[in-house]
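2 protein chains.
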Amino acid sequence: MEQGQVGPTRIVIAVNQSSLKGYPHPSISSSNAFEWALKKLIRSTRHKDFKLYILHVQVPDEDAFNDVDSIFACPDDFKDLKNREKIKGIHLLEYFVKRCNEIGLACEAWIKRGNPNEVICNEVKRLHPDILVVGSRVLNQLEKVFVGTVSEFCSKHADCPVIVIKRKPEDTPQNPIDD
Amino acid sequence: MEQGQVGPTRIVIAVNQSSLKGYPHPSISSSNAFEWALKKLIRSTRHKDFKLYILHVQVPDEDAFNDVDSIFACPDDFKDLKNREKIKGIHLLEYFVKRCNEIGLACEAWIKRGNPNEVICNEVKRLHPDILVVGSRVLNQLEKVFVGTVSEFCSKHADCPVIVIKRKPEDTPQNPIDD
């Protein structure tokens, strides 16, 4: 039976860098979520039925923290800082786009700056995807109370069905907040 | 590229009866979740790649409430009540199994009795599916505080990725708790 499908199923996946190794390495949870989507949703035989939208949100505060050794003397120094961060983000996206290209899966990847919760939900509003895929890592008690996870926020607030891929126990590093 | 897939992607979907029309009619939210899975995940060309496990949980208390007019005179009367309920549940499952058969999608359907939250999570533990799909309806404030939704519970506690399909605004009946 035909389901009246016009285009491919459009999946947005939110990815970020490894908190342990930094750019350009993807976090364990985003890498897991990506591989899960390929294996279980998209599967090897049906790449034409899907399009992947790969979104990386850069958090301005984290950027500043990563550059505590920088010296700022003029407005251009801040511009350089932003550009350097952006380039690092591009290298992260390269990893995912390469994987999609290898298997012939259509994709688009881009970077946004801001609060991941808000940015992801806004991008979902803008793009109207069929599914949002997000990875999830383990939080410590303090983070649970004050931050919560991006995956929890998006599950509640994103305007499309959301799949949260929890990190497998065997992938958890010694310090569970490393990702 | 081969993803090392052995079998089909196994999807558990939890379905229930319409709160408005009763058995054998499926609730708006489970019917939506089912159709969404067919259209967006399984798609018309990929039936061989998926298997659907259709679980209906009957809540013992609700059964009693539906049978306020029954007269109970001996233990067998209660047995009859349970059997009648089970038969109604089977008619509900028939709807979904028929749809799967029409489109050549492999499926299994079964009934369990108990608390939907616990039963669904236990069945996920037992079956190790790749995805759990649940529909979601709108709760009133009181229900939010005291009951919560099955979809919220399963998102947090089920041992597999969960997709919650929220009811579309245009499918919401005049009284939003009708489903």
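First to last, the sequence lines map onto chains A and B. Under this note's numbering, the first residue of the first sequence carries the number 1, and numbering increases by one thereafter. Under this note's numbering, the first residue of the second sequence carries the number 180, and numbering increases by one thereafter. Heads up, the beta-carbon is just placed ideally off N, CA and C, and yes, glycines get one too.
CB of residue i within 9 Å of CB of residue j, strictly
i, j, result
"A:D171", "A:N32", "yes"
"A:F96", "A:P26", "yes"
"A:V15", "A:L41", "no"
"B:P361", "B:E281", "Because chain B here runs from 180 to 358, residue 361 of chain B falls outside it and cannot be looked at."
"A:K156", "B:P340", "no"
"B:S209", "B:I192", "yes"
"B:I290", "B:K230", "no"
"A:T45", "B:D228", "yes"
"B:V368", "B:I299", "Past the boundaries of the shown model lies residue 368 of chain B; chain B is included only from 180 to 358, so the question cannot be answered."
"A:D80", "A:I71", "no"
"B:G268", "B:Q196", "yes"
"A:P173", "A:L20", "yes"
"A:G114", "A:V59", "yes"
"B:E287", "B:Y232", "yes"
"B:C279", "B:V303", "no"
Backbone secondary structure at residue i - three-state DSSP
i, result
"A:S19", "coil"
"B:Q182", "Confidence at B:Q182 is low in this model, with a pLDDT of 47, below 50, so the placement of that residue should be treated as unreliable; the coordinate-derived value is given next. Reduced to three states, the DSSP call for B:Q182 is coil."
"A:A33", "helix"
"A:P116", "helix"
"A:R167", "coil"
"A:C107", "strand"
"A:I137", "Correcting the residue identity first, residue 137 of chain A is Arg in this sequence and not Ile. Looking at A:R137 - three-state DSSP - the assignment turns out to be coil, as it is neither helix nor strand."
"A:H157", "helix"
"A:T9", "strand"
Should the segment 128 to 136 of chain A be called in touch with the segment 295 to 314 of chain B, which here means at least 3 C-beta pairs below 8 Å? no
Completely contained beta strand (DSSP E) runs for the segment 218 to 281 of chain B, where each covers 3 or more residues: 229 to 237
Any residues in the segment 150 to 172 of chain A with a beta carbon nearer than 8 Å to a beta carbon of chain B? Which ones, in chain order? S155, P161, V162, I163, V164, I165, K166
Please list, in chain order, the residues of the segment 218 to 241 of chain B that have any C-beta partner in chain A closer than 8 Å. K218, K219, L220, R222, S223, T224, R225, D228
Any residues in the segment 288 to 313 of chain B with a beta carbon nearer than 8 Å to a beta carbon of chain A? Which ones, in chain order? D309, I310
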